[in-house]
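The sequence shown finishes on residue 718 if you use my numbering, and the numbering steps up by one all the way, no holes. Remarks on the structure that follows.
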Amino acid sequence: MPDLTTLRHMTSFSPLLPSWLLYALALLATLLLLAGLLRRARGTLWRAAAAAIVLLWLAGPERISETGQALPETAILVVDQSSSMGVGQRAAIARQAAERLQAEVAHVPGLTLRTVTVRDGHGQGTRLFAALDQAAADIPPARLAGAILLTDGQVHDTPAQVPERLHPADSGGRHTILPLHVLLAAKGEETDRRLRILQAPPYAIVGQTATLRVQVDDLGPHPDTGAEVELTLDRGGEPPLHRSVRVGQPQDITLPVTHPGPMLVGLSVSALAGEVSTANNQDVVRINGVRDRLRVLLVSGTPNQGERVWRRLLKADPSVDLVHFTILRPPDKDDGTPLSDLALIAFPVRELFQEKISQFDLIILDGFENRAILPRAYLENIARYVRDGGGLLLIGGPEFLGPGSLQDTPLGDILPAHVPAEGGLTEQRFRPALTAAGHRHPVTAGLPGGGSAPDGHDAEWGPWYRVLRTDSVHGQVLMDGPNHTPLLVLDRVDRGRVAFLLSDQIWLWSHGEGGGGPQSELLRHVSHWLMKEPELEEEQLTATITDGRIVVTRRTAAPVAPRAVTITAPDGTTHQVPLHATGIGLSQADAPATRQGIWMADDGTHRAFAAPAQDDPEEWSDLRATATVTAPLAGQTGGGVFWLGDDPDHLQLPALHPPASGRVAGSDWIGFPRRDARLITGRTASPLLPAWLVLALAASLLLTGWWREGR
Numbered sequence: 008m009p010d011l012t013t014l015r016h017m018t019s020f021s022p023l024l025p026s027w028l029l030y031a032l033a034l035l036a037t038l039l040l041l042a043g044l045l046r047r048a049r050g051t052l053w054r055a056a057a058a059a060i061v062l063l064w065l066a067g068p069e070r071i072s073e074t075g076q077a078l079p080e081t082a083i084l085v086v087d088q089s090s091s092m093g094v095g096q097r098a099a100i101a102r103q104a105a106e107r108l109q110a111e112v113a114h115v116p117g118l119t120l121r122t123v124t125v126r127d128g129h130g131q132g133t134r135l136f137a138a139l140d141q142a143a144a145d146i147p148p149a150r151l152a153g154a155i156l157l158t159d160g161q162v163h164d165t166p167a168q169v170p171e172r173l174h175p176a177d178s179g180g181r182h183t184i185l186p187l188h189v190l191l192a193a194k195g196e197e198t199d200r201r202l203r204i205l206q207a208p209p210y211a212i213v214g215q216t217a218t219l220r221v222q223v224d225d226l227g228p229h230p231d232t233g234a235e236v237e238l239t240l241d242r243g244g245e246p247p248l249h250r251s252v253r254v255g256q257p258q259d260i261t262l263p264v265t266h267p268g269p270m271l272v273g274l275s276v277s278a279l280a281g282e283v284s285t286a287n288n289q290d291v292v293r294i295n296g297v298r299d300r301l302r303v304l305l306v307s308g309t310p311n312q313g314e315r316v317w318r319r320l321l322k323a324d325p326s327v328d329l330v331h332f333t334i335l336r337p338p339d340k341d342d343g344t345p346l347s348d349l350a351l352i353a354f355p356v357r358e359l360f361q362e363k364i365s366q367f368d369l370i371i372l373d374g375f376e377n378r379a380i381l382p383r384a385y386l387e388n389i390a391r392y393v394r395d396g397g398g399l400l401l402i403g404g405p406e407f408l409g410p411g412s413l414q415d416t417p418l419g420d421i422l423p424a425h426v427p428a429e430g431g432l433t434e435q436r437f438r439p440a441l442t443a444a445g446h447r448h449p450v451t452a453g454l455p456g457g458g459s460a461p462d463g464h465d466a467e468w469g470p471w472y473r474v475l476r477t478d479s480v481h482g483q484v485l486m487d488g489p490n491h492t493p494l495l496v497l498d499r500v501d502r503g504r505v506a507f508l509l510s511d512q513i514w515l516w517s518h519g520e521g522g523g524g525p526q527s528e529l530l531r532h533v534s535h536w537l538m539k540e541p542e543l544e545e546e547q548l549t550a551t552i553t554d555g556r557i558v559v560t561r562r563t564a565a566p567v568a569p570r571a572v573t574i575t576a577p578d579g580t581t582h583q584v585p586l587h588a589t590g591i592g593l594s595q596a597d598a599p600a601t602r603q604g605i606w607m608a609d610d611g612t613h614r615a616f617a618a619p620a621q622d623d624p625e626e627w628s629d630l631r632a633t634a635t636v637t638a639p640l641a642g643q644t645g646g647g648v649f650w651l652g653d654d655p656d657h658l659q660l661p662a663l664h665p666p667a668s669g670r671v672a673g674s675d676w677i678g679f680p681r682r683d684a685r686l687i688t689g690r691t692a693s694p695l696l697p698a699w700l701v702l703a704l705a706a707s708l709l710l711t712g713w714w715r716e717g718r
């Protein structure tokens, strides 16, 4: 707009006396007028008129003439480019409309357009009014013309009343409402179906069911509340489950928890005919399967230092129920002591090893020598318990060389090592060390002080002084002793697991012997591996998704690791990604993963599942283009609401021109009122009552009053 010099006239007052004195004189004149009227004195009104003329002149009335330049006004254009604008052609429509508005505003005198682009709201949805408030912060209120929102209508910070920026006050305290126009990037009100997870447990007990509360909503002009739709639950590698749910009503869905560890459940609902997007028809729930209570049976032979270590370790774990018995005297040793003095309760052999053996998750035999303590049938029950999926840990000492050695019982078939009767015990000082397999296995990998050398020579652990020597081993040797004698052996037997620690002196670490060692960490890892905790599996494949990329981690205890994994996207497309070594027994692969849903990684043997976390659930909760959110506020300001269509090349954009007849929007146009903002360049003042005129009028009125009084 050209700089035009304008002229404006106004009336003002510049008193010649202090205000209090003027009020005092006016009060005195009023009292004299009343006194004259009460006395019915002639000429009173003429004298009052003369006093009024003088008082008015003393108030200093003057005519102000201002010259100045009209200033351009600024309207704010807020362009929505949040995630929901990625549906269809909305983002392109908004960009095209913004460009055309910028071109049109050049033909509107006295108006400029400031454009602000709004991206995602960092978990708070689309926040256009916060952007509007920030953009208007440096614009003088007198020069703000109004605002235009270019959006899909899903604005999550829409106020109930006109915001302060669009309701400014002038210098006189009078408020003006500025127009808010809303341009919607669609051709009309749309429909959408959404799935909401109202409640989901973060943990669930393995072997039981988890309950999810879900609700399916149909959004739009005419929702079909009460209709039946199909809900599919994909549990990642397991057969999907199908449930029927009713639209608009919260419902509880139960699903079995089959294994410990993280479980991803993908929920998806059938599409609604004509809906704008199916992106919010699905969601992912993460449930961590946990065991109810881990039941451990610890049977110790003659009392020793090691059983204290076990009791302290297992009692400190709140998730473990420990049943512990110590055999103080074998049955064949009879010294005449009454049985009532040997134990507080009888050793419940039948109950533990026949009736309730399947209820235990782990059996620990510590220094146990079976000298007719357990009948053969019960030992066979223990072996059967392991083959059926149980866990057995043996801590061996000199008792393995005697006639009651467990390796000479039915348990010998499941033990991972055999100790000869002759020369089966080595007594010398040695430092336990990790084997090459031990550096790769999650039970022992990363133990503090374990070093990194494959032969374990750089281990910093304290010494032991006794170890069993084996003549045959099958399974994985994770730790060794003097001359690489096996020290810790793990093995799988059918569906169960066995661990054999061939020394009874791990308790020395807890006493700090020679610097000590990671006694509690090692025993805890071994126990949890026997109880099949997922994070201690030697062959693992895990996947996580962060910042739009899927990271697949492969752990293996084998000398050679897989070289690649196959990644499957939620839509079924697959691609192969190479694995790169990141440590001993560890390798990783990563690839882009931006699509919502469950992703799968497969190395040919193992599978892992991952899903991206929804970074802004509020933004994706409703994907319709709608005027229901912003239209009421636009109506309060007198602004218009317009649908731009669904083709960016053929926009139904309203024209932008100065308003007429006090309106700021019509059926096909929008505008902004003139705020009359100007820059004052000059100001002159001239008195309305010259002194000579006041003197003449006052004298004439006084003479007239004197004349009237004389008659």
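C-beta: ideal position from N, C-alpha, C; glycine also. Since this is a predicted model, take the numbers as computed values, not measurements.
- For R302, the enclosing beta strand (DSSP E) stretches over residues L301 to S307.
- The C-beta of Y392 has 16 or more other C-beta atoms within 10 Å across all chains shown, which makes the residue buried.
- Counting only runs of 3 or more residues that sit fully inside the stretch 366–418, the beta strand (DSSP E) segments are 369–373 and 398–402, in chain order.
- 9 Å or more divides the Cβ of L399 from the Cβ of V316.
- T216 and A192 do not touch by the CB rule: their CB atoms are close to 45 Å apart, not below 8 Å.
- Under the DSSP assignment, Y210 falls in the beta strand (DSSP E) whose first and last residues are Y210 to I212.
- Our two residues, Q103 and A638, have alpha carbons roughly 22 Å apart in a direct line.
- The alpha-carbon separation between T442 and R499 amounts to approximately 19 Å.
- By the beta-carbon neighbour count (other beta carbons within 10 angstroms, threshold 16), K322 is exposed.
- Straight across, the Cα-Cα distance linking S693 with W699 is about 14 Å.
- A672 is positioned such that its CB atom lies no closer than 9 Å to that of G652.
- Straight across, the Cα-Cα distance linking L63 with H174 is about 38 Å.
- If only uninterrupted beta strand (DSSP E) runs of at least 3 residues are considered, those enclosed by the stretch 88–132 are 118–125.
- Here V701 carries a helix assignment [DSSP, helix/strand/coil].
- Taking L508 as reference, the option from G214, A55, L485 and T551 with the minimal CA-CA separation is L485.
- Of the other Cβ atoms in all chains shown, 16 or more fall within 10 Å of the Cβ of G397; this residue is therefore buried.
- Cβ contact annotation for L515 (same chain, cutoff 7 Å, sequence separation greater than five): G469 and W471, in chain order.
- Residue pairing by DSSP places T551 opposite V558 in a beta bridge.
- Per the coordinates, the alpha-carbon of V86 lies some 8 Å from the alpha-carbon of L135.
- If you ignore the 5 residues before and after L240, its C-beta comes within less than 8 Å of the C-beta of P247, L248, H249, R250, I260, L262, V272, G273 and L274, all in its own chain and listed in chain order.
- In the structure shown, R70 adopts extended strand secondary structure according to DSSP, grouped into three states.
- For G488, the number of other beta carbons within 10 angstroms of its own is at least 16, and it is reported as buried.
- Looking at the DSSP output, R293 bridges to L271.
- Distance check between R438 and each of D462, T37 and V426 places D462 closest, using alpha-carbon atoms only.
- Shown here for D675: same chain residues with a beta carbon closer than 7 Å to its own, the five before and five after excluded, namely P661 and A662 in chain order.
- The bridge partners DSSP lists for M607 are T575 and F616.
- Rounded to the nearest whole angstrom, the C-alpha separation of A550 and R562 is 12 Å.
- Per DSSP, reduced to three states, the secondary structure at A138 is helical.
- Between the stretch 135–146 and the stretch 701–709, the count of Cβ pairs shorter than 8 Å is below three; the stretches do not touch.
- Taking C-beta atoms as the reference points, V559 and D597 count as a pair closer than 9 Å.
- Under the three-state reduction of DSSP, E520 is assigned to helix.
- Residue range V648 to W650 is occupied by the beta strand (DSSP E) that includes W650.
- Close CB contacts of D328 within its chain, under the 6 Å cut and outside five residues either way in sequence, are with R300 and R302 (chain order).
- In this structure, the alpha-carbon of L586 lies about 56 Å from that of R172.
- If you draw a straight line from the Cα of T333 to the Cα of L548, it comes to about 41 Å.
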